[in-house]
Each structure stands twice: as structure tokens, then as C-alpha cells.
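Peer 1: Under this note's numbering, the letters of the sequence shown match residues 2 to 362, in that order.
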Amino acid sequence: MLNRMVFSASCALSIVIIMVLQVSSAPQQSKETPAYPPLGRLVDVGGHLMHIHCTGEGSPTVVLEAGTGGFSFDWSLVQPEVARFTRVCSYDRAGQAWSDLGPRPRTKKQIIYEFHTLLENAKISGPYILVGHSGGGYLVRLYQAQYPGEVVGMVLAECGHENSIFIINGKAVRMRELSTGKPVPDARSDMLESDRSVPLETSKQIEQQMRLMGKSKIESPYETLPPYLPQIRLWAVAQPKHYLADDNPFEAEELAAVYTERHKTEYPLGDIPLLVLHRERGGYKPVPGIITPEVAKQMEEERIENNRDLVRLSRNSAHIIAKNSGHDVHLDRPELVIDAIRQVVEAVRHHTSVKGSETVK
Numbered sequence: 002m003l004n005r006m007v008f009s010a011s012c013a014l015s016i017v018i019i020m021v022l023q024v025s026s027a028p029q030q031s032k033e034t035p036a037y038p039p040l041g042r043l044v045d046v047g048g049h050l051m052h053i054h055c056t057g058e059g060s061p062t063v064v065l066e067a068g069t070g071g072f073s074f075d076w077s078l079v080q081p082e083v084a085r086f087t088r089v090c091s092y093d094r095a096g097q098a099w100s101d102l103g104p105r106p107r108t109k110k111q112i113i114y115e116f117h118t119l120l121e122n123a124k125i126s127g128p129y130i131l132v133g134h135s136g137g138g139y140l141v142r143l144y145q146a147q148y149p150g151e152v153v154g155m156v157l158a159e160c161g162h163e164n165s166i167f168i169i170n171g172k173a174v175r176m177r178e179l180s181t182g183k184p185v186p187d188a189r190s191d192m193l194e195s196d197r198s199v200p201l202e203t204s205k206q207i208e209q210q211m212r213l214m215g216k217s218k219i220e221s222p223y224e225t226l227p228p229y230l231p232q233i234r235l236w237a238v239a240q241p242k243h244y245l246a247d248d249n250p251f252e253a254e255e256l257a258a259v260y261t262e263r264h265k266t267e268y269p270l271g272d273i274p275l276l277v278l279h280r281e282r283g284g285y286k287p288v289p290g291i292i293t294p295e296v297a298k299q300m301e302e303e304r305i306e307n308n309r310d311l312v313r314l315s316r317n318s319a320h321i322i323a324k325n326s327g328h329d330v331h332l333d334r335p336e337l338v339i340d341a342i343r344q345v346v347e348a349v350r351h352h353t354s355v356k357g358s359e360t361v362k
């Protein structure tokens, strides 16, 4: 998929192609492709609009956080079923699908601020159970760290880890080790005029990259989405703003900070219910000239151990290994994600435990 290939540090992926996005003069974004009607509603978060889609009723509220480059509707096999037993919301980060571009740089700190403001302004009251996929796992963890009183449960599905190895420019590196210690800017609540459109030089680079990769198409596992969504997904990934939504020049610094914080406390989530899911198949494999057999073996071993470390974020946790699933477990095995959410919801409502041994399902 096109959107999988152009983001720096897209979590849980074995190969990262970094596009350097230079910010210069800013023409208005092209409106040639007609927008599809939003599935939910647009909410002002302070100078720009963000899309949030809520269904169902009940408490606690489940909030779904897509992975890097993902969209609210990628949860379309999960959200309708969760809506049967509680209120559930998915949303698009600034720049994705129906959401406007937001202030730059697109740091995790900025995204968390907008996430919180969106829930407040949309009047989506907590407490929340946060569900993160892939790079969204960092975001829900950071949200909980910033607003611990609002989060009562968590599900991490195929999420990245702050100590993961990435292949960058043909070398195996830990993203956090690329940190230069530069300070991460504070989140901004204001919008500059230059924030509202895709810079000219950036637009040219995006167009060149898209030409090199050819016409995007729906591939596995996205063909499992409801019939009306594949075309919306093609529209969403064709928007130039899509390629700025998760572009973060402070990725290494923020992951280094997460790594440092992780080692300060044994159980940073305390006793809140936590379920961690990851794939059984689809391990890292050698790629000639890029990933040696030795590095592939190391990455696969660390992937498994990193997931076990995520389980140790809470004293009240369990670990589920999804059979016959790739990275997109919410599309390959949505029933497992739905059941994990249900377990956490019930544990919160009835003050029970989800703690259990590692299980293959």
C-alpha cells in the first residue's frame, strides 16, 4: 500500500523509507478530487477541523487510534460490533481523510494535544478505553501518561515498541538512538497560514514519489473493508495532506523519551486492564541487500520480546497471539480485537481482572 511506504518510523514495519519533506512557500491544496461525505462530524479544535465518528451508547467510551498512515474507517470491521455494547469513537488525525491539516511539526506531543482537544470540544466524555494499532500504540500510551485520570483501560494491537529496530538507509538502527537531544517543541493551539496547505516543494516531492510507486490500489487486507470504503481509502491516500499528517522530524527524540520513561516505573499503567495482541505469522524475513538473515532473526526475536514488555506495562494484563493474522490484526482477525475490547469494558464496569497467561488464538 502506498501509505505504508513513505512515512519515517512507521511502527512495527521492517523497512522504512524516509521522505525528507522540505517546507517552503505554500500554495493551496488541490481540490480536484471530490471529497466523500464524512462518516461522522467535523469538530473545531482551534483553527482547524477534525473528523470524529462515534456510534453506540454506554460507558466507558472506547476510542480507536489508527496506526501511522491509517484512517478512522480502517476500524470498520471493529467499530460496529463494539457499538453493540458501549459507545465507541474513531477519528482522523489532522491531515488524514476529512480532517484539516494541523499545526506543524507533527510531533506526538502535538497529536496528543489535538486528540484531547477533539474529545473535549466534541463533548465526548470519559472515562476512556484507548485502543491503539501499530504507531497508534505510542499515542494512546502518551495520552494516558498526559491525562492518566481519563484512561481506565487499554488495548494494544500490533503496536510498535520504543526499542524496536528499523532498517534506515540499509542499516539496522534503533530509532531512539538517532536522537540528538534537540528539544521537542510544545504543542501549538494556533494555526499559521502556512499550516493550512501543502508546501510547494513538498507537493512536488510527493507527486514524484507517487509516480515512482505507480497508481495506488486496494490490496490485502483492505479488501475486507465494507464495499463502500475501498474507494474512500483510495481518495484519502491520494490527498497530498495525507503525507504530512504523520511526518515528524522529532520522532527519534520522542521515542527516546518514551524509552527513558518506560524504565522509571515497573508498571506505568498501574492496575488498569490491558490486553496486548500481536500476530503469530508474518515475521521478519531476509531481504537481499537490505536485511541479512541474522538481522531478520534478531528483529523477529525482539518483536516477540517487545510485545511481552508491553504486557508488563500493567499488573492487570494479558497477552493474545493472533493466529493467521498479519500486521493489521483489526482487519485479519477483527473478532479478536472486538473480544479484547469487550473484556476490558467488562473489567472496567465490574471492577474485575483481565490478568491471564499468554494465549494463542
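In this text, a Cβ means the ideal position worked out from N, Cα and C, and glycines have one as well.
(1) So does S60 have its beta carbon nearer than 7 Å to some heavy atom of the ligand SAH?
(2) To the nearest angstrom, how far is it from the Cα of A188 to the Cα of L65?
(3) Relative to the C-alpha of P274, which candidate in A98, L314, S326 has its C-alpha closest?
(4) According to DSSP, simplified to helix, strand and coil, what is T360?
(5) Could you work out which residue in N249, K298, G137, S326 is closest to K286 when comparing CA atoms only?
(6) Compute the Euclidean distance between the alpha carbons of S165 and E295, then round it to the nearest angstrom.
(7) Quick check on the burial criterion: 16 or more other C-beta atoms within 10 angstroms. Buried or exposed for Y229?
(8) Would you check if there are 3 or more beta carbon pairs closer than 8 Å linking the stretch 262-276 to the stretch 116-123?
(9) Leaving out five residues on either side along the sequence, give the residues of the same chain with a beta carbon under 7 Å from the beta carbon of K242.
(10) Under the three-state reduction of DSSP, which class applies to P28: helix, strand or coil?
(11) Buried or exposed: which applies to N1, given that a residue is buried once 16 or more other Cβ atoms fall within 10 Å of its Cβ?
(12) Return helix, strand or coil for A323, following the three-state DSSP convention.
(13) With respect to the beta strand (DSSP E) encompassing M300, which residues constitute its N-terminal and C-terminal limits?
(14) Since A173 sits in a beta bridge, which residues does DSSP pair it with?
(15) Quick one: what's got a C-beta closer than 6 Å to Q240's C-beta in the same chain, skipping five residues either side?
(16) Taking C-beta to C-beta, are V259 and E163 nearer than 8 Å?
(17) Would you mind giving the Cβ-Cβ distance between I322 and H279, rounded to the nearest angstrom? I have them listed as a contact below 8 Å.
(18) If distances are taken between C-alpha atoms only, which option among Q80, M300, D45, T62 comes closest to I339?
(19) Please report the distance separating the alpha-carbon of K172 from that of A146.
(20) Per DSSP, S91 forms a beta bridge with which residues?
(21) When burial is assigned at 16 or more other CB atoms within 10 Å of the CB, is E255 buried or exposed?
(22) Pick helix, strand or coil for G133, following the three-state DSSP scheme.
Peer 2: So, from the listed chains and residues:
(1) Of the ligands one can find in the structure shown there are none, so the ligand SAH has no counterpart to examine.
(2) 22 Å
(3) L314
(4) Strand, per DSSP.
(5) K298
(6) 16 Å
(7) exposed
(8) no
(9) Q30, G96, L102, V199
(10) Unreliable positioning characterises P28 in this predicted model, as indicated by a pLDDT of 32, which lies under 50. The coordinate reading is nonetheless provided below. P28 falls in the coil class under three-state DSSP.
(11) The question about residue 1 has no answer, for the chain in this structure spans 2 to 362.
(12) strand
(13) That residue, M300, is in no beta strand (DSSP E); its alpha helix (DSSP H) goes 294-312.
(14) I168
(15) none
(16) yes
(17) 6 Å
(18) Q80
(19) Between K172 and A146, the C-alpha separation is close to 32 Å.
(20) H54, L65
(21) buried
(22) The three-state secondary structure of G133, taken from DSSP, is strand.
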